[in-house]
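Single-structure report; data block below.
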Amino acid sequence: MGKKVVVTGVPGVGKTTVITGAMDRLAGEGIVYEPINFGTFMFELARKEGMVADRDEMRRLDRDVQKRLQRAAASGIAAISGDANVIIDTHSSVKTPVGYLPGLPEWVLRELMPDVIVLVETDEDQILQRRLGDESRTRDMEGARSIAEHQQFNRAIAAAYAMYTGCTVKIVRNENFLLDRAVEDMVDVLR
Amino acid sequence: MGKKVVVTGVPGVGKTTVITGAMDRLAGEGIVYEPINFGTFMFELARKEGMVADRDEMRRLDRDVQKRLQRAAASGIAAISGDANVIIDTHSSVKTPVGYLPGLPEWVLRELMPDVIVLVETDEDQILQRRLGDESRTRDMEGARSIAEHQQFNRAIAAAYAMYTGCTVKIVRNENFLLDRAVEDMVDVLR
Amino acid sequence: MGKKVVVTGVPGVGKTTVITGAMDRLAGEGIVYEPINFGTFMFELARKEGMVADRDEMRRLDRDVQKRLQRAAASGIAAISGDANVIIDTHSSVKTPVGYLPGLPEWVLRELMPDVIVLVETDEDQILQRRLGDESRTRDMEGARSIAEHQQFNRAIAAAYAMYTGCTVKIVRNENFLLDRAVEDMVDVLR
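Take a look at the structure:
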């Protein structure tokens, strides 16, 4: 039975960099994790079933269909973890026009039952800087206050995830010029 | 199938003003919401069953009876939403002498399954000012710190509501002299 | 049917002092609570079943076994509360190397169904001071920031506990030189 570690963080916090760094370091110790992006996994399921042709169509699916796909994805990932350690790359919550949408609602948690949820965080000013400097992806601009609010909400909902599953919640800080420390903290969780 | 939008906020934040403003504006667009006060709905159920004569008696009901009434109210409101959009006016949590009481415990959420929970918020100093200046209703005085604590708790428990139901959580700020903006934000959620 | 009051607080906040003070005062009024330490209760169950000889072995038990023991402890405490008021001394969350571990996960809450969860809190600086001055037990040192983070997480997860059980969440502040006030607040919850 492998470990199931969920890694989350607001856009621009550097989540992928920290995951990649940690997996590289662990590979040197012979510890292997299979990285799974929750959204991509769900999309592949939907595509195989002929429900969508591209990712944009995912958002237009009926709410009940989305729910069924989320549950199927969670169940599929849990099955993979029977033989392997998995890192699940997803969001604690997603900021939408109608508010914060939970990344791991009850029906996902019930199937997935993660061991750990990691929140990669840093100061809102650093995140804002990174978002403004990053031109590779289009992102809506929001002020530092709104990023702080999002990170606070992510902590609160992660606490609810822990109540429901018994998993631990680990906060890993990814500060400017201190990536090594963030990677080290992540390695400690995964090892 | 109509939308189910729960609107919450601490006493004095101006929740009712924001709801009324948003419903007026939407009526002009032909979008109709039925406003339902959760507490009143529950009281009417209890009165019809001959359990109480006035609202004061509601608090003295046995805990299990209250629970049954809450569940019945949630189920009744969900039934109404089959044909109509509903705004449910209630509290994220209520401050009592023995602590914060959840407005939407598990058995209410399971029946109601809201689409959105709105938290109407503003700075604690503004709320305190409004409470002190409002003589139309008796309110217990509490300092700004205690209001900040209550609003923070309301966010945290709203996150738990989102985990359990998959609903979004939208924070609408209702600042002094900026009511139009709060109404506009609420309209965006309801439209 | 007795009351079930869960009392929590980070190490060094003075939880035990507040509990003892409150129970003494209530004894004078003829109100009796049975104090139960959740961890000790669980350990006694495990020892009776011959699963462990000392408390250190508890941590090395299989995750599923721990879960079963937690559930059995919660169920046993709920049974005691049939005839007596109980104070359950435990943690909202425990800080571990892999993150915050919930003290009352879903399977514990479902059996225990507490009436109130008390969070004994104070400023992080005071807690740090108390930890540094207390040489009777070995504690890992952490800065004030990390204590503030832990207390914030404890509030968030207590909100999730309230959502799931309908219990209230009471924050009791135990400030330096103001123990009497903390005891009085606790007495108000227990009376």
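Residue numbers (my numbering), protein chains in the order written: chain A, 1 to 191; chain R, 1001 to 1191; chain U, 2001 to 2191.
Positions of the beta carbon are idealized from the N, C-alpha and C atoms, including for glycine.
Residues Glu1124, Asp1125 and Leu1128 of the same chain have their beta carbon placed closer than 6 Å to that of Ala1144 of chain R, with the five preceding and five following residues left out of the count.
Each of R:Thr1168, R:Ala1079, R:Thr1096 and R:Thr1122 was checked against the Cα of Phe1177 of chain R, and the nearest Cα belongs to R:Thr1122. Bridge partners of Pro2035 of chain U according to DSSP: U:Ile2087. Here the C-alpha atom of Tyr161 of chain A lies approximately 7 Å from the C-alpha atom of Met1163 of chain R. Residues of the segment 1154-1166 of chain R that bring their beta carbon within less than 9 Å of a beta carbon in chain A comprise Arg1155, Ala1156, Ile1157, Ala1158, Ala1159, Ala1160, Tyr1161, Ala1162, Met1163, Tyr1164, Thr1165 and Gly1166, in sequence order.
From the beta-carbon of Asp188 of chain A, the residues of chain U found nearer than 9 Å are Pro2097 and Val2098. For Leu2119 of chain U, the enclosing beta strand (DSSP E) starts and ends at Val2116 to Glu2121. Contact residues of the segment 114-138 of chain A toward chain R are absent (C-beta to C-beta distance below 8 Å).
Interface annotation for the segment 100-111 of chain A against chain R: Tyr100, Leu101, Pro102, Leu104, Pro105, Glu106, Trp107 and Leu109, criterion Cβ-Cβ distance under 8 Å.
Nearest neighbour of Val116 of chain A by Cα position, chosen from A:Leu26, A:Thr16, A:Lys170 and A:Asp83, turns out to be A:Lys170. The C-beta distance from Asp89 of chain A to Pro35 of chain A rounds to 6 Å, short enough to meet the 8 Å contact threshold. Contact of Lys1004 of chain R with chain A is not assigned, every C-beta pair being separated by 7 Å or more. Straight through space, the alpha carbons of Ile147 of chain A and Gly1012 of chain R are spaced by roughly 26 Å. In this chain, the beta strand (DSSP E) harbouring Gly2099 of chain U covers Gly2099 to Pro2102. Taking a Cβ-Cβ threshold of 8 Å, the residues of chain R close to Ile2171 of chain U are Gly1099 and Glu1149, in chain order. With fewer than 16 other CB atoms across the displayed protein chains lying within 10 angstroms of its CB, Val1032 of chain R is exposed. Three or more Cβ pairs drawn from the segment 2103-2118 of chain U and the segment 2072-2081 of chain U lie within less than 8 Å of each other, which places the two stretches in contact. Within its own chain, the residues whose Cβ lies closer than 7 Å to the Cβ of Lys3 of chain A, once the five positions on either side in sequence are excluded, are Asn85 and Asp115, listed in chain order. The C-beta of Thr1168 of chain R comes closer than 7 Å to at least one C-beta of chain A. Straight through space, the alpha carbons of Val1118 of chain R and Ala1159 of chain R are spaced by roughly 11 Å. With fewer than 16 other beta carbons inside 10 angstroms of its own, Thr1040 of chain R counts as exposed. Residue R:Pro1105 holds the alpha-carbon nearest to the alpha-carbon of Arg1068 of chain R among R:Met1001, R:Pro1105 and R:Leu1132. Contact check for Pro2102 of chain U and Asp188 of chain A: beta-carbon distance about 20 Å, past the 8 Å limit, so the pair fails to qualify.
With 16 or more other CB atoms across the displayed protein chains lying within 10 angstroms of its CB, Arg155 of chain A is buried.
Between the alpha carbons of Met1058 of chain R and Ser2081 of chain U lies a gap of roughly 26 Å.
Linking Leu179 of chain A to Val18 of chain A through their CA atoms gives a straight-line distance of about 7 Å. The DSSP-derived three-state label of Arg1155 of chain R is helix. In the DSSP annotation of this structure, the continuous segment of the alpha helix (DSSP H) that includes Ser2075 of chain U starts and ends at Arg2063 to Ile2080. Closest option to Val5 of chain A, judged by alpha-carbon separation, among A:Gly28, A:Gly166, A:Asn174 and A:Arg181: A:Gly166. For the pair Val120 of chain A and Asn174 of chain A, the CB atoms are nearer than the 7 Å cut-off. Counting only residues of its own chain and dropping the five nearest sequence neighbours on each side, Ala182 of chain A has a CB closer than 8 Å to the CB of Gly14, Val18, Gly21, Val120, Val172, Arg173, Asn174 and Glu175.
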